[in-house]
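Engineer: Note that the protein sequences, when read in sequence, are chains A and B. For the first sequence, full-length UniProt numbering begins at 1 and goes up steadily by one. For the second sequence, full-length UniProt numbering begins at 1 and goes up steadily by one. Using N, Cα and C, we set each Cβ at its ideal position, and we do this for glycine too.
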Amino acid sequence: MGTADSVLHTERPNLAVVQGQLVEGPVLAAGAEPTLVGWGNLARPGVEVLSEDLRALTAGRVLSRGLGRAYGDSAQPPPGVLEVAGTVLADRILGFDPDTGLMRAEAGLSLHEINRLFIPRGWFPPVTPGTQFVTLGGAVAADVHGKNHHVAGCFGQHVTRLLMRVPDGRVLWCSKTEHPDLFLATIGGMGLTGHVLEVEFRMDRIPSSWIWGETLRVGDIGEYIGLLKQSASEWPMTMGWIDCVSKGRRLGRGVLFRGRWATPDEAPSKLATPFSRLTVPIMLPSWTLNPVTVRAFNAGVYWKPTHRQKPVHWESFFYPLDKVRHWNRAYGRKGFTQYQCVLPDEAGPEAARRFLEVLTSTPGGTSFLCVIKDCGPQSDAMLSFPTRGISIALDIPVRTDTQALVDRLNEATLAEGGRIYLAKDSFTRPDHFRAMEGERLDRFMEVRRRWDPDLRMRSAQSVRVLGDPAGGQDRDI
Amino acid sequence: MGRSLARLMAARGDRLVLLGRDAEQLERSAADLQARSGTDAPVLTAICDLADPSSFAPALSAATEGFGKLDCVVVTAGLFATQDQLEADPELALRLATIDFANTVGFCERARAVLLGGGGGKLCVFSSVAGDRGRKPVVIYGAAKAGLSAYLEGLDHKFRAQGLQTICVKPGFVKTGMTANLQPPPFAGEPDAVAARVLRAIDRGSPVVYAPWIWRWIMLVIRCLPRFVMRRIGF
Chain A
1 MGTADSVLHT
11 ERPNLAVVQG
21 QLVEGPVLAA
31 GAEPTLVGWG
41 NLARPGVEVL
51 SEDLRALTAG
61 RVLSRGLGRA
71 YGDSAQPPPG
81 VLEVAGTVLA
91 DRILGFDPDT
101 GLMRAEAGLS
111 LHEINRLFIP
121 RGWFPPVTPG
131 TQFVTLGGAV
141 AADVHGKNHH
151 VAGCFGQHVT
161 RLLMRVPDGR
171 VLWCSKTEHP
181 DLFLATIGGM
191 GLTGHVLEVE
201 FRMDRIPSSW
211 IWGETLRVGD
221 IGEYIGLLKQ
231 SASEWPMTMG
241 WIDCVSKGRR
251 LGRGVLFRGR
261 WATPDEAPSK
271 LATPFSRLTV
281 PIMLPSWTLN
291 PVTVRAFNAG
301 VYWKPTHRQK
311 PVHWESFFYP
321 LDKVRHWNRA
331 YGRKGFTQYQ
341 CVLPDEAGPE
351 AARRFLEVLT
361 STPGGTSFLC
371 VIKDCGPQSD
381 AMLSFPTRGI
391 SIALDIPVRT
401 DTQALVDRLN
411 EATLAEGGRI
421 YLAKDSFTRP
431 DHFRAMEGER
441 LDRFMEVRRR
451 WDPDLRMRSA
461 QSVRVLGDPA
471 GGQDRDI
Chain B
1 MGRSLARLMA
11 ARGDRLVLLG
21 RDAEQLERSA
31 ADLQARSGTD
41 APVLTAICDL
51 ADPSSFAPAL
61 SAATEGFGKL
71 DCVVVTAGLF
81 ATQDQLEADP
91 ELALRLATID
101 FANTVGFCER
111 ARAVLLGGGG
121 GKLCVFSSVA
131 GDRGRKPVVI
141 YGAAKAGLSA
151 YLEGLDHKFR
161 AQGLQTICVK
171 PGFVKTGMTA
181 NLQPPPFAGE
191 PDAVAARVLR
201 AIDRGSPVVY
211 APWIWRWIML
221 VIRCLPRFVM
231 RRIGF
């Protein structure tokens with residue numbers, strides 16, 4: 001099975017070169033139109049071409065895709081192009097220095113695999129999003145953030161170097177000193193500056209495999225924000241779930257989780273090993289999540305037993321939703337979108353309440369889950385999402401009025417001087433995005449055009465939000 | 001498949017030599033296995049190409065020199081192409097039959113001598129369920145694998161008493177780089193699960209292992225079907 005290494009060589013450079021295969025283009029069941037989805041399950045025409053050899057795979061392709069956990073159209077090909085380069089088979093660790101924690105690996109390696117291998121040895125990724133099923137390439141492209149953003153910043157701030165295939169076809173390293181413009185545009189650049197082939201970054205030492213954590217119940221949004229900001233000075237990791245279905249006095253009641261790595265004395269003596277997972281085996285009907293079940297879930301979250309400080313399993317702390325594989329199927333075939341914005345501190349402590357009031361007063365504004373996190377200062381990466389303030393994330397089932405809802409939320413975000421997270425987005429209009437990003441977007445586009453004058457690297461999202469040209473095979477390299 | 005299996009072996013502390021065509025790729029894979037094993041034990045590499053029989057002897061002696069003695073040789077390499085591609089390109093068909101049958105046997109003959117010279121050991125070779133019955137979608141690939149499976153069975157009969165255990169792996173459809181652009185059929189396996197099953201078979205010395213397991217029963221049915229049925233179905 002399979003050739004021992006690398007690809008089978010062919011004379012045709014534009015061929016989909018896949019290990020052991022002479023296949024031109026995808027081979028699929030007759031009659032089926034191939035589609036690709038983001039995590040929100042909104043389908044578009046597309047095919048993922050996989051190979052263990054990223055150098056061969058990315059040549060001539062317009063976009064890379066990792067584990068497909070971006071909710072919207074970030075990792076879907078632009079209209080007129082079918083294929084994206086799937087990186088997940090390229091998952092080799094190329095070096096790890098146990099003295100410094102410096103790791104170099106291929107872009108398709110997932111945080112899940114890193115956790116499985118390195119938590120027992122006392123190492124953890126410096127920053128992790130709410131799922132471990134993301135690749136390093138995806139973590140760089142979205143410049144992911146986690147519960148520790150207020151102290152550790154984004155993933156990109158721990159990246160030392162990137163090996164990239166840039167749009168003109170060259171393969172080169174970039175860092176803060178080598179092609180710094182490319183480096184800072186690529187982190188958070190949603191894959192639009194080139195293909196990330198290898199990532200070098202620094203892992204964190206951890207004192208145990210357990211989190212010393214605490215859960216607190218909070219009565220309303222004002223109390224929640226106050227406690228979130230107050231916790232930031234003592235706790236490196238904070239976040240919470242908010243009930244955003246209840247209105248009025250109860251608006252924003254919820255639970256706040258805070259934690260830090262447990263010291264060896266505090267931690268149980270046994271290693272915290274990964275959980276086994278449940279699976280949602282089939283797409284559930286779209287009415288599974290309706291106002292009644294959403295209300296029940298939110299009440300359940302609020303009344304979930306809280307606990308005082310104690311050791312918590314790292315997987316339940318960082319990745320509660322990873323316990324159920326394919327949980328996105330609960331939203332059914334119509335799919336869902338996530339809306340995530342950051343509201344800056346300058347907007348004042350009441351900004352979150354004003355935003356949630358817009359949400360609850362708009363048709364379709366019932367979110368299954370609402371996560372509010374604290375954000376530290378903005379990084380140097382040009383399009384990196386977080387900035388000092390609070391981040392609000394909502395899961396919204398797609399209905400006919402979802403576009404209108406997202407438009408209203410974007411106007412509310414704009415009014416507070418905030419911005420949205422592209423890794424979650426499916427509906428934002430280009431004028432809203434431009435108004436939120438302003439000069440940051442100009443600077444990003446300037447660097448992008450410097451490296452890619454013809455805008456070869458594109459995604460469905462970049463065509464929708466940045467106004468990139470759609471285009472068929474004639475635009476291909 | 002080879003990568004998944006090697007990772008399982010490295011994780012439990014086995015010492016490994018990787019054989020392959022491309023020195024740079026071998027170095028990268030060796031670095032990966034070493035980082036995953038978390039030990040200082042080096043992972044060695046040697047150039048070997050199933051398309052080039054003159055590379056077999058040097059590769060095997062380099063591997064033997066590295067560790068003094070080999071306990072187990074695993075052959076996962078092979079060439080795959082669809083029946084349509086092979087029918088359209090007779091040279092490719094000849095190349096596939098040569099690599100997957102003649103040259104693989106040639107390599108195994110040298111590995112057999114090395115293992116027996118060291119007092120025995122295990123020879124694990126990836127054949128395929130495609131070799132269990134002549135079938136329309138795998139006429140040529142299946143024929144090469146049928147020959148390979150027959151060779152491995154004979155080898156096992158003849159040399160098991162002398163300490164050489166032969167393990168013939170018959171994977172069904174596994175989602176690997178080789179099959180990345182094919183539509184997975186029902187019962188397609190994940191490489192890591194298949195690798196775990198193969199490793200267990202190696203440890204036990206099972207002469208034949210189907211992976212995923214259900215293919216054993218699927219192929220039992222296929223082998224029992226009369227010719228007039230096989231002529232009609234597309235499987």
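Quick one, which residues of the region 24-53 of chain B are near chain A if we go by CB-CB under 7 Å, in chain order?
Structural biologist: Listed by position along the chain: Q25, L26, R28, S29, A31, D32, A35, R36 and G38.
Engineer: Under 8 Å between C-beta atoms, does G118 (chain B) make it to chain A?
Structural biologist: Taking Cβ atoms only, chain A never reaches closer than 8 Å to G118 (chain B), which makes this a no.
Engineer: If you measure beta-carbon to beta-carbon, which residues of the region 348-380 of chain A are closer than 8 Å to chain B?
Structural biologist: Correct list: empty, as no residue qualifies.
Engineer: Could you run through the region 171-192 of chain B and flag, in chain order, every residue whose CB is less than 7 Å away from some CB of chain A?
Structural biologist: Within the region 171-192 of chain B, the residues whose Cβ lies closer than 7 Å to some Cβ of chain A are P171, V174, T176, G177, M178, A180, N181, L182 and Q183, listed in chain order.
Engineer: Taking 8 Å as the cut-off, does the region 397-410 of chain A touch the region 332-347 of chain A (at least 3 CB pairs, one atom from each stretch)?
Structural biologist: Yes, they touch.
Engineer: To the nearest angstrom, how far is the alpha carbon of L22 (chain A) from that of P191 (chain B)?
Structural biologist: Because L22 (chain A) carries a pLDDT of 30, less than 50, the predicted location of this residue cannot be relied on, and the following value inherits that uncertainty. So the two alpha carbons sit approximately 21 Å from each other.
Engineer: Using 10 angstroms around the beta-carbon of C108 (chain B), count the other beta-carbons present and answer buried if the total reaches 16, otherwise exposed.
Structural biologist: Its Cβ being crowded by 16 or more others within 10 Å, C108 (chain B) is buried.
Engineer: If we call anything under 8 Å between Cβ atoms a contact, is L228 (chain A) one with L251 (chain A)?
Structural biologist: Not in contact: L228 (chain A) and L251 (chain A) (Cβ atoms no closer than 8 Å).
Engineer: Three or more beta-carbon pairs under 8 Å between the region 429-445 of chain A and the region 37-49 of chain A, yes or no?
Structural biologist: As far as the Cβ criterion goes, the region 429-445 of chain A does not touch the region 37-49 of chain A, which means the pair count is below three.
Engineer: In this structure, how does DSSP classify K323 (chain A) when only helix, strand and coil are distinguished?
Structural biologist: In this structure, K323 (chain A) counts as helix in the three-state DSSP scheme.
Engineer: Counting only beta-carbon separations shorter than 8 Å, does G95 (chain A) have a partner in chain B?
Structural biologist: Chain B, which has a Cβ nearer than 8 Å to the Cβ of G95 (chain A), makes this yes.
Engineer: Is there a C-beta anywhere in chain B that falls below 8 Å from the one on I206 (chain A)?
Structural biologist: Closer than 8 Å: no.
Engineer: Take L136 (chain A) as the anchor and find which of A:T360, A:N298, A:L163 and A:W287 has the nearest alpha-carbon.
Structural biologist: Ranking the options by Cα distance to L136 (chain A), first place goes to A:L163.
Engineer: Who are the near neighbours of R133 (chain B) in its chain, counting only those whose CB is closer than 6 Å to its CB and skipping five residues on each side?
Structural biologist: The answer, listed in chain order, is I222 and R223.
Engineer: Any C-beta of chain D within less than 9 Å: which residues of the region 40-57 of chain A qualify?
Structural biologist: Note that chain D does not occur in the displayed structure, where the protein chains are A and B.
Engineer: Taking C-beta to C-beta, are G332 (chain A) and T288 (chain A) nearer than 8 Å?
Structural biologist: In this structure, T288 (chain A) lies closer than 8 Å to G332 (chain A) by Cβ.
Engineer: Take Y141 (chain B) and list the residues in its own chain whose beta-carbon comes closer than 8 Å to its own, dropping the five residues that flank it on each side.
Structural biologist: Around Y141 (chain B): F80, A81, Q83, L86, L96, D100, S128 and A130.
Engineer: How about R249 (chain A): is its C-beta nearer than 8 Å to some C-beta of chain B?
Structural biologist: Chain B contact via Cβ: absent.
Engineer: What three-state label does DSSP hand L90 (chain A) in the structure shown?
Structural biologist: Strictly speaking, residue 90 (chain A) in this sequence is Ala, with Leu absent from that position. It is coil, neither helix nor strand.
Engineer: Given R258 (chain A), which residues of its chain have a CB within under 6 Å of its CB, disregarding the five upstream and five downstream residues?
Structural biologist: The residues are E214, S231, W235 and T238.
Engineer: Tell me which residues of the region 95-128 of chain A have at least one Cβ-Cβ distance to chain B shorter than 7 Å, keeping chain order.
Structural biologist: Listed in sequence order: G95, F96, L117 and R121.
Engineer: Do you know offhand how far A195 (chain B)'s Cα is from E223 (chain A)'s?
Structural biologist: Going by the C-alpha atoms only, they are around 52 Å apart.
Engineer: Using DSSP bridges, identify the partner residues of G254 (chain A).
Structural biologist: Answer is A:V218 and A:I242.
Engineer: Using DSSP with H/G/I as helix, E/B as strand and the rest coil, what is H112 (chain A)?
Structural biologist: DSSP places H112 (chain A) in helix when its eight states are reduced to three.
Engineer: Name the DSSP bridge partner or partners of I396 (chain A)?
Structural biologist: DSSP output for I396 (chain A) lists A:T337 as bridge partner(s).
Engineer: Could you check which residue in A:R434, A:V62 and A:V199 has the C-alpha nearest to that of V47 (chain A)?
Structural biologist: Checked all of A:R434, A:V62 and A:V199; the closest Cα to V47 (chain A) is A:V62.
Engineer: Mark P185 (chain B) as exposed unless 16 or more other C-beta atoms lie within 10 angstroms of its C-beta, in which case mark it buried.
Structural biologist: The residue is exposed, with fewer than 16 neighbouring Cβ atoms inside 10 Å.
Engineer: Find out if the Cβ-Cβ distance for the pair A107 (chain A), T131 (chain A) is shorter than 8 Å.
Structural biologist: Taking 8 Å as the Cβ cut-off, A107 (chain A) and T131 (chain A) do not qualify as a contacting pair.
Engineer: Under a Cβ-count criterion, where at least 16 other Cβ atoms within 10 Å of its own Cβ denotes burial, should G154 (chain B) be classed as buried or exposed?
Structural biologist: Exposed is the call here.
Engineer: Between L271 (chain A) and chain B, is there a C-beta pair that is closer than 8 Å?
Structural biologist: Closer than 8 Å: no.
Engineer: Which residues does DSSP list as the beta-bridge partners of R3 (chain B)?
Structural biologist: Note: R3 (chain B) sits in no beta bridge, so no partner.
Engineer: In terms of alpha-carbon separation, which member of B:G189, B:D49, B:V105 and B:A46 lies closest to I214 (chain B)?
Structural biologist: I214 (chain B) has its Cα closest to that of B:G189, out of B:G189, B:D49, B:V105 and B:A46.
Engineer: Just reading off the alpha helix (DSSP H) that T104 (chain B) is part of, what are its end residues?
Structural biologist: Run containing T104 (chain B): T104 to G117, per the alpha helix (DSSP H) assignment.
Engineer: Look at the alpha carbon of S37 (chain B) and the alpha carbon of F133 (chain A), and state the distance between them as a whole number of angstroms.
Structural biologist: In a straight line, the C-alpha of S37 (chain B) is about 22 Å away from that of F133 (chain A).
Engineer: So, with DSSP's three-state summary, where would you put V84 (chain A)?
Structural biologist: Of the three classes helix, strand and coil, the one that applies to V84 (chain A) here is strand, per DSSP.
Engineer: Which residue wins for smallest C-alpha separation from V371 (chain A), given the options A:I396, A:P349 and A:S361?
Structural biologist: Per the Cα distances, A:I396.
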